[in-house]
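J.:
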Amino acid sequence: ITIVASIYKSFHLTAGLVASASGTDALKATFSMGGIKGDVTFSQSQGQSSSVVMVNLTGVSVILKWSIQQLPMIYNGNANLSCNAGVVGDVFDPKMAKKSADYATNCQPNSGLKFESCAVGDLSIMLGDLNSTNQEENFSDPKLMIPISGPHSVIGKTLVLYDGDMPKACALIVPTQPMKTFVAVFKGPVSGFVYFRQVDENSDTSVFVDLFFVNDANSNKDFSWQINRGVVSHDATDPSTYCKNVGEMFNPNVNDPSCNKSMHGNCAIGDMTSKHGQIEVSLATKMQSSKKAAFTDINLPLSGDDSVLGKTLLLFLTDPKQAIACAKIVHLEPKTLKVSFVGRTQEGVDGHFTFKQYSPFDATTAEIKLTGLNKKAQGYHIHAYPSPSYMDLSPNESCTGLVAGDHWNPYNVDIKTSPPAGTGTDDEYEVGDLSGKYGTFLNLSAVSKTIVDYNLPMFGRNSIQGRSLVIHKLKIQDNNMRWVCNNLMPVVDIGITYFMKAIANISGPSVEGMVEQYFSSSPDVAEVESTIYINIKHKDSDSKTVTGHLWGVHKNPVDGDASYTNVNERCMSLERKFNPYAVKIQGDYSSTCSSTNMLRCESGDLSGKHDPLEVGGGRVFFNDVNLPLFGSNSVAGRGIAVNAKDGGSDVLGCANLLVDRSLYKERFLFAKESDFSSFHFADTISKALGIPKWRLFMIRTEKANSSGCMKVKFAIIGKGT
21 ITIVASIYKS FHLTAGLVAS ASGTDALKAT FSMGGIKGDV TFSQSQGQSS SVVMVNLTGV
81 SVILKWSIQQ LPMIYNGNAN LSCNAGVVGD VFDPKMAKKS ADYATNCQPN SGLKFESCAV
141 GDLSIMLGDL NSTNQEENFS DPKLMIPISG PHSVIGKTLV LYDGDMPKAC ALIVPTQPMK
201 TFVAVFKGPV SGFVYFRQVD ENSDTSVFVD LFFVNDANSN KDFSWQINRG VVSHDATDPS
261 TYCKNVGEMF NPNVNDPSCN KSMHGNCAIG DMTSKHGQIE VSLATKMQSS KKAAFTDINL
321 PLSGDDSVLG KTLLLFLTDP KQAIACAKIV HLEPKTLKVS FVGRTQEGVD GHFTFKQYSP
381 FDATTAEIKL TGLNKKAQGY HIHAYPSPSY MDLSPNESCT GLVAGDHWNP YNVDIKTSPP
441 AGTGTDDEYE VGDLSGKYGT FLNLSAVSKT IVDYNLPMFG RNSIQGRSLV IHKLKIQDNN
501 MRWVCNNLMP VVDIGITYFM KAIANISGPS VEGMVEQYFS SSPDVAEVES TIYINIKHKD
561 SDSKTVTGHL WGVHKNPVDG DASYTNVNER CMSLERKFNP YAVKIQGDYS STCSSTNMLR
621 CESGDLSGKH DPLEVGGGRV FFNDVNLPLF GSNSVAGRGI AVNAKDGGSD VLGCANLLVD
681 RSLYKERFLF AKESDFSSFH FADTISKALG IPKWRLFMIR TEKANSSGCM KVKFAIIGKG
741 T
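Just so we're aligned: the sequence shown equals residues 21 to 741 in this note's numbering.
1) Does DSSP put R687 in a helix, in a strand, or in coil?
2) Can you grab the Cα-Cα spacing for the pair F734 / N555, in whole Å?
3) Please classify L151 as buried or exposed, where buried requires at least 16 other C-beta atoms within 10 Å of its C-beta.
4) Whole angstroms is fine: what's the gap from N222's alpha carbon to V214's?
5) State the start and end residues of the unbroken beta strand (DSSP E) segment that holds F734.
6) Reducing DSSP to helix, strand and coil, say where Q342 ends up.
7) Which residue spans inside the region 590 to 663 form an unbroken alpha helix (DSSP H) run of at least 4?
8) In whole angstroms, give me the CA-to-CA distance for S541 and G486.
9) Just to confirm, is the Cβ distance from V227 to F270 under 8 Å?
10) Return the CA-CA distance between P198 and V219, expressed in angstroms with no decimal places.
11) Looking at the secondary structure, which residues open and close the alpha helix (DSSP H) in which Y458 lies?
12) Going by DSSP in three states, M520 sits in which element: helix, strand or coil?
13) Answer with buried or exposed for G580, where buried requires no fewer than 16 other C-beta atoms within 10 angstroms of its C-beta.
14) Helix, strand or coil: which one does DSSP assign to N725?
15) Compute the Euclidean distance between the alpha carbons of V732 and A708, then round it to the nearest angstrom.
16) Please tell me whether N506 and S414 are closer than 8 Å, where the distance is taken between their beta carbons.
17) What did DSSP end up calling R715 once you bin it into helix, strand or coil?
18) I need the boundaries of the beta strand (DSSP E) containing L179, first residue and last residue.
19) Would you report the Cα separation of V671 and A661, rounded to the nearest angstrom?
20) If you follow the beta strand (DSSP E) that Y405 is in, where does it begin and where does it stop?
21) Based on DSSP bridge pairs, tell me the residues matched to V75.
22) If I measure Cβ to Cβ from S302 and keep anything under 6 Å in the same chain, skipping five residues before and after, which residues do I get?
23) Which one of D666, R658, N725 and G668 has the shortest CA to CA distance from M718?
24) By the DSSP assignment, the alpha helix (DSSP H) with S706 in it spans what residues?
25) Nearest to P114 by CA position, among A466, I605, D142 and C674, is which residue?
26) When burial is assigned at 16 or more other CB atoms within 10 Å of the CB, is V410 buried or exposed?
27) Could you tell me the alpha carbon to alpha carbon distance between A49 and F381, rounded to whole angstroms?
28) How about V451 and N482: do their beta carbons lie closer than 8 Å?
29) Which residue or residues does DSSP assign as beta-bridge partners of H284?
30) If you draw a straight line from the C-alpha of K134 to the C-alpha of Y262, how long is it?
31) Of all the options L633, N646 and F701, which has the alpha carbon lying nearest to the alpha carbon of G673?
32) Buried or exposed: which applies to M53, given that a residue is buried once 16 or more other Cβ atoms fall within 10 Å of its Cβ?
33) Can you name the start and end residues of the alpha helix (DSSP H) that H296 belongs to?
34) Can you tell me which of N617, S611 and N663 puts its alpha carbon nearest to the alpha carbon of C591?
35) Hey, how far is the Cα of C621 from the Cα of G176?
36) If we count the other Cβ atoms within 10 Å of its Cβ and call it buried at 16 or more, is G728 buried or exposed?
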């Protein structure tokens, strides 16, 4: 078995290294960071416990310490963001070697006991530091033991290279084969993610836990956890049903009394506490949980007859029937985005860019196939903004700076420090600077190439989803003129994935402008991000710019009061912000609800999840991880409002998020007024129609003519109902 920590674009080993790894399975962590490119391979011959570490790096110009850290990293721009201790945790030490009384004495570079005494991740102590003379070298010792399978495996951990105390580069240790990724998304009273990653049903599964409280909890707490057979209610606001009807522990095989942390095969598949111990849920921060945890499970299939897909993950204190929180385990589908060019409308340029990312833990693969460049092109970049559909712009109009904006640069890379095109590591360029990372189109008439990019996120707030891609003409001869462009659109299975578009047209009395939102979903998969485009200006001036305007989606639709001149009466029908998961907004809310932790926020709090608006400052564009357009907690049909400057509470303008009527059908029924629950209603209707609940949205009630009855309106996404 072989594990590779790779730090460059193309897999390159010397002939000797290939021979030493032949006939083995490979696990690989790939990244391009900090000027360093290359591979570090951990291998064990089958039937032997000793390990070989094969280092094949370039760009090591200083002495680097190296270690394996306990948590998985996610590529997040640069080493300071991706590799810091808050992200990757402490040195990986599964056997608690550092707690030994003799650790400080025996875990020393010159100690004869270092291999038995050091933590598994203590590579610098066991093998020495890395430098320019040993950056291509094999390290081995009969006593060197770095597990690559089983509960103590380094799979899913992070290899970090340090310049002094500062991380220089890091890479995630994963298989060379694509991994399936499942996720359980918690939204209240505990929020966060639990990820499950596996190659196939017979391989080890990496588990990553990132959970925190969003209720009134005032301290961290340990919870037991298990996977049950049943399906979770999505209505976290209804304690009578939430987590109550999820069946028994998932145990397709007979449980063995010898089940423990080292003998996962003897445990019920769903018995996570026996296999890994309790997990700690922390208080919320503006970043990830402060008590993240990672495990390797050798009895947790994600495919096959015993797959945990669709099962429910529970958190509880002592009795699983009294669960505190729960979430359905669903597939995190790989994302594919495509930009197409058609020669007859785009000056002869034909072809496409296609981007694919399997999960936030994986690199993105970029495929470029273009003809018709005719040696006229040079740079090509992803820009910050799309061409919004409501503006109905021509292809050439969409490329201007007023529409597409500048390069997408969420990590604020100074382009003056970027190396020449095609020579640096991916973090040394702007996210959107594709020609910087991949090389330019200079002197090319056609292009056909595939590149792996470790700094091109397609998941989360910094995603390239929905933005635009611009091809430029020659830098000197044509002054880098923008030539052709188009939006990055998702590639999905037609008939399985449903799309929804909503538009809010705010028309005063103080401000005016448009909000455009896109969302899509498929059965039994994790929700994808919504994209939100907004451009608001002052009604009395096109040039006036004012900052600090809070904005958000509210509980109710606007009911005729959007144009009231009296600010104390305007848009009052909206009531409070939309908060379906009862997120607590007192205490530390303002300091922990942020763009880096959107699940800590009310669903409708767009200021907290992104930024307050600059009215009159032009368009803005966001990807939001918790703003669905259909399902029981959809924001479709609700009101969106823009408040006064500097965090003021007065509403300047509001409008409803109206969905494209060609994409859904609207129906109504009559129901009793007493004890009406929108979730129970959705459950009943979905069963009657034989459709999943998430296809129902905009469930709202009106007074009926008959006493004791109400009229319930609802919408169904898609056709055939």
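Just so you know, even glycine gets a beta-carbon here, dropped at the ideal spot from N, CA and C.
T.: In short, the structure shows the following:
1) Residue numbering aside, residue 687 sits at position 667 when the sequence shown is read from its first letter. Three-state result, R687: strand.
2) Walking along the sequence shown from the start, residue 734 turns up at place 714. Walking along the sequence shown from the start, residue 555 turns up at place 535. Cα-Cα distance, rounded: 29 Å.
3) By one-based count along the sequence shown, residue 151 stands at place 131. First, the amino acid is wrong: residue 151 is Asn here, not Leu. Exposed, by the Cβ-count rule.
4) Translated into positions along the sequence shown, residue 222 becomes position 202. Translated into positions along the sequence shown, residue 214 becomes position 194. Going from the Cα of N222 to the Cα of V214 covers about 21 Å.
5) What you label residue 734 is simply residue 714 of the sequence shown in a count that begins at 1. Here the beta strand (DSSP E) through F734 covers C729 to I737.
6) To locate residue 342, count along the sequence shown from 1; it is residue 322. Residue state, collapsed to three classes: helix.
7) 609 to 612 and 626 to 629
8) What you label residue 541 is simply residue 521 of the sequence shown in a count that begins at 1. What you label residue 486 is simply residue 466 of the sequence shown in a count that begins at 1. So the two alpha carbons sit approximately 15 Å from each other.
9) As a position in the sequence shown, residue 227 is number 207, starting the count at 1. As a position in the sequence shown, residue 270 is number 250, starting the count at 1. No, Cβ-Cβ distance for V227 and F270 is not below 8 Å.
10) Here residue 198 refers to the residue found at position 178 when the sequence shown is read from its first residue. Here residue 219 refers to the residue found at position 199 when the sequence shown is read from its first residue. Looking at the two C-alpha atoms, the distance is approximately 6 Å.
11) Taking the sequence shown and counting its residues from 1, one reaches residue 458 at position 438. Where Y458 is concerned, the enclosing alpha helix (DSSP H) stretches over L454 to Y458.
12) Start at 1 with the first residue of the sequence shown, and residue 520 comes out as number 500. In this structure, M520 counts as strand in the three-state DSSP scheme.
13) As a working mapping, residue 580 is identified with position 560 in the sequence shown. Exposed: under 16 other Cβ atoms inside 10 Å.
14) Numbered from 1 along the sequence shown, position 705 holds the residue referred to as residue 725. Coil, per DSSP.
15) Here residue 732 is taken as the residue at index 712 of the sequence shown, counted from 1. Here residue 708 is taken as the residue at index 688 of the sequence shown, counted from 1. Cα to Cα, the separation comes out at about 16 Å.
16) Taking the first residue of the sequence shown as 1, we reach residue 506 at position 486. Taking the first residue of the sequence shown as 1, we reach residue 414 at position 394. Contact flag unset, no.
17) Counted from its first residue, the sequence shown places residue 715 at position 695. Here R715 sits in helix by DSSP.
18) Within the sequence shown, the letter at position 159 stands for residue 179. It spans T178 to D183 - the beta strand (DSSP E) in which L179 sits, taken as one unbroken run.
19) Walking along the sequence shown from the start, residue 671 turns up at place 651. Walking along the sequence shown from the start, residue 661 turns up at place 641. Their backbone Cα atoms lie some 7 Å apart in a straight line.
20) Here residue 405 refers to the residue found at position 385 of the sequence shown. Per DSSP, Y405 belongs to no beta strand (DSSP E) and is neither H nor E.
21) Counted from its first residue, the sequence shown places residue 75 at position 55. V75 is bridged to V60 and E157.
22) As a first step, residue 302 must be located in the sequence shown, where it is residue number 282. So the list reads F232, N240, S309, S310 and K311, once near-sequence residues are dropped.
23) Taking the first residue of the sequence shown as position 1, residue 718 is located at position 698. It is R658 whose Cα lies nearest to the Cα of M718.
24) Here residue 706 refers to the residue found at position 686 when the sequence shown is read from its first residue. Counting along the chain, the alpha helix (DSSP H) containing S706 begins and ends at S698 to L709.
25) Position 94 of the sequence shown, counted from the start, is the residue given in the question as residue 114. Of the listed residues, the one whose Cα sits closest to P114 is D142.
26) Taking the first residue of the sequence shown as 1, we reach residue 410 at position 390. For the sequence presented, residue 410 should be read as Tyr rather than Val. Result: exposed.
27) The residue given as residue 49 occupies position 29 in the sequence shown. The residue given as residue 381 occupies position 361 in the sequence shown. Approximately 10 Å, taken between the alpha carbons.
28) Counting from 1 along the sequence shown, the entry for residue 451 is found at position 431. Counting from 1 along the sequence shown, the entry for residue 482 is found at position 462. Yes, these two residues count as a Cβ contact at 8 Å.
29) Position 264 of the sequence shown, counting from 1, holds the residue named residue 284. Beta-bridge pairing links H284 to no other residue.
30) As a first step, residue 134 is located in the sequence shown; it is residue number 114 there, counting from the start. As a first step, residue 262 is located in the sequence shown; it is residue number 242 there, counting from the start. Using only the alpha carbons, I get a separation of about 51 Å.
31) As a position in the sequence shown, residue 673 is number 653, starting the count at 1. Of the candidates L633, N646 and F701, the one whose C-alpha sits nearest the C-alpha of G673 is L633.
32) Residue 53 sits at position 33 when you count from the first residue of the sequence shown. Flag for M53 reads buried.
33) For this step, residue 296 is matched to residue 276 along the sequence shown. First-last of the alpha helix (DSSP H) with H296: M292 to H296.
34) Here residue 591 refers to the residue found at position 571 when the sequence shown is read from its first residue. Nearest option by C-alpha distance: N663.
35) The residue labelled residue 621 in the question sits at position 601 within the sequence shown. The residue labelled residue 176 in the question sits at position 156 within the sequence shown. Approximately 29 Å between the Cα atoms of the pair.
36) To locate residue 728, count along the sequence shown from 1; it is residue 708. Exposed is the call here.
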